[in-house]
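> Below is one structure. I have some questions about it.
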Amino acid sequence: MQDFNIETVNRDASDKYKGFRYQKFRVAIKMLQLIKLNSKNNIIALPESREDGHFIDDEGHEHLEQDKLYEKGFSFNSSEIQKTMINFLDNYIELKKDPYINFIFFTNTSYVSENQTKKLNQIGLNVLEKPILEYMVEKDFNDDVVNFISKYLIHTYRETYSIEEDKPETYHINYLTIKKMVNDEWVEFLEKISFKFDESNLEILSQELDKEIKECQFFSAEHFGKENLIKRNLLDVIDERMTQKHVTQKIINVDSVRIIYKEAESMNSELVIDEIYPYWDDVENESEGEVLRNLKEKILTVCPEFKGNTIKRYIREAATVKDEIKRFDKRQINSLKYRVYESMGKFFDEEFKYNENFTYEHLNEAIKTLRESVVTDLNQLKKDYNYGIRNDITVQKVAMLLIDECFYSFDEV
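If you use full-length UniProt numbering, the sequence shown corresponds to residues 1 to 413, in order.
In structure tokens:
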């Protein structure tokens, strides 16, 4: 019986810090995206199992992904492309040419044309009209392309595993299977590979992960201000599973992610609650006994021709924001209201020009400026404090609420 070399090429990820983080960010993003599709999946990821990322989708199909952070573009001659294609080939054969397997090459950079190298001359190949990677992206597998790729990869396979054609004892276990593949079989394999060039760089990938963390179904009001804790713990779990040797120890399932979110609920937020909240009670007490006018009355008092649809929109905002913020801690709500109140006071004192009669354009422009001013001030405070709410739109609505609740008006009453 023929003895074969069964040791496959080392697939350890690059030791470079940025490349390693790039890989982990991609794994975390894919995991959260798969949970969106089906939160009942048993296994969603096996980091550093076969490839950088090994994912199982909602239908049980496997996706093997290589993630590369590079500065220069890739050609089919690039060592990283060669290693990736050999990895994909090995996995394709070892997984019995599973029709549901998919391979992905994900990178921040682009592709370039091949040069006529010594290796190509040795194999007897000439560069084609377009870059090989362009044919692969376009899934254009004509006979010339398949002939080029198959001969190139068989030669690279021999180089990778130090195979000598006249010495069968040096053959890797998959070599004969690959060598015997005919044109249609090569096309079937190549069809399963998706090349994703010019994708997100490390900074944008980090932002995408932040977005996925907040959009996950496990994210709730208790997690506001703790996004970085969740992110760090997700990456730590991926890091730990990557170092495991046995495939069962690498498994990350939905419960693994759910636990990370659950544990974050009881952790202290990295941003503290603004201790200004008791002062809101004083502000409310000061307004007791005053004649109340709502938002509509305050606008029409100084601008009778103000557009009705715009007034209705502002009134809706003042009404709906109450439901938007009630899910937060009462201390957060009162701190938010006080800081918006404070910012509005500065605006009316320093910027707003009171007038007995405004045109629609003048008054509406002043309201827009007020809303923008409040957002600017709150965004500065959010660097140190957790108000629960994270978006600017709700902050603008709170400003409308405080006018409706008679804390400010557009005339000097």
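Ideal Cβ placement from N, Cα and C applies to all residues, glycine included. Fair warning: this is a prediction, and the values are worked out from it, not measured in the lab.
#1: Any idea what DSSP makes of Gln122, helix, strand or coil?
#2: Cα-Cα, which of Asn108, Glu65 and Glu80 is closest to Tyr92?
#3: Thinking just about the alpha-carbon of each residue, which of Glu80, Lys167 and Asn357 is nearest to the one in Phe410?
#4: What's the C-alpha gap between Asp90 and Asn174?
#5: Using a Cβ-based criterion (distance less than 7 angstroms to any ligand heavy atom), does Val182 qualify as near the ligand ATP?
#6: DSSP beta-bridge partners for Phe74?
#7: Buried or exposed for Glu212, please, with buried defined as at least 16 other CB atoms from any protein chain shown within 10 angstroms of its CB.
#8: Give the DSSP-derived three-state secondary structure of Gly225 in the structure shown.
#9: How do the stretch 99 to 113 and the stretch 121 to 131 stand: do at least 3 beta-carbon pairs fall below 8 angstroms, yes or no?
#10: Nearest to Val247 by alpha carbon, out of Gly73, Pro47 and Ile29?
#11: Grab the span of the beta strand (DSSP E) containing Ala169 for me, first residue to last.
#12: Could you tell me whether the Cβ atoms of Lys151 and Ile123 are closer together than 8 angstroms?
#13: Taking the alpha-carbon positions, what's the Arg21 to Glu342 distance?
#14: Under the assumption that Asp67 contacts Phe106 (Cβ atoms under 8 angstroms), give the Cβ distance between them as a whole number of angstroms.
#15: Are Leu202 and Leu300 touching if we call contact CB-CB under 8 angstroms?
#16: Alpha carbon to alpha carbon, how far is Gly53 from Trp280?
#17: Could you tell me whether the Cβ atoms of Asp274 and Tyr385 are closer together than 8 angstroms?
Reading it off the structure:
#1: helix
#2: Glu65
#3: Phe410 has its Cα closest to that of Asn357, out of Glu80, Lys167 and Asn357.
#4: 7 angstroms
#5: No copy of the ligand ATP occurs in the structure displayed, which carries no ligand at all.
#6: Tyr111
#7: The residue in question, Glu212, is buried, as its Cβ has 16 or more Cβ neighbours within 10 Å.
#8: Coil, per DSSP.
#9: yes
#10: Pro47
#11: Checking the sequence shown, residue 169 turns out to be Glu, not Ala. Per DSSP, Glu169 belongs to no beta strand (DSSP E) and is neither H nor E.
#12: yes
#13: If you take the alpha carbons of Arg21 and Glu342, they lie about 42 angstroms apart.
#14: About 5 angstroms separates the two Cβ atoms, so the contact holds.
#15: no
#16: Put simply, the backbone Cα of Gly53 is about 50 angstroms away from that of Trp280.
#17: Contact flag set, yes.
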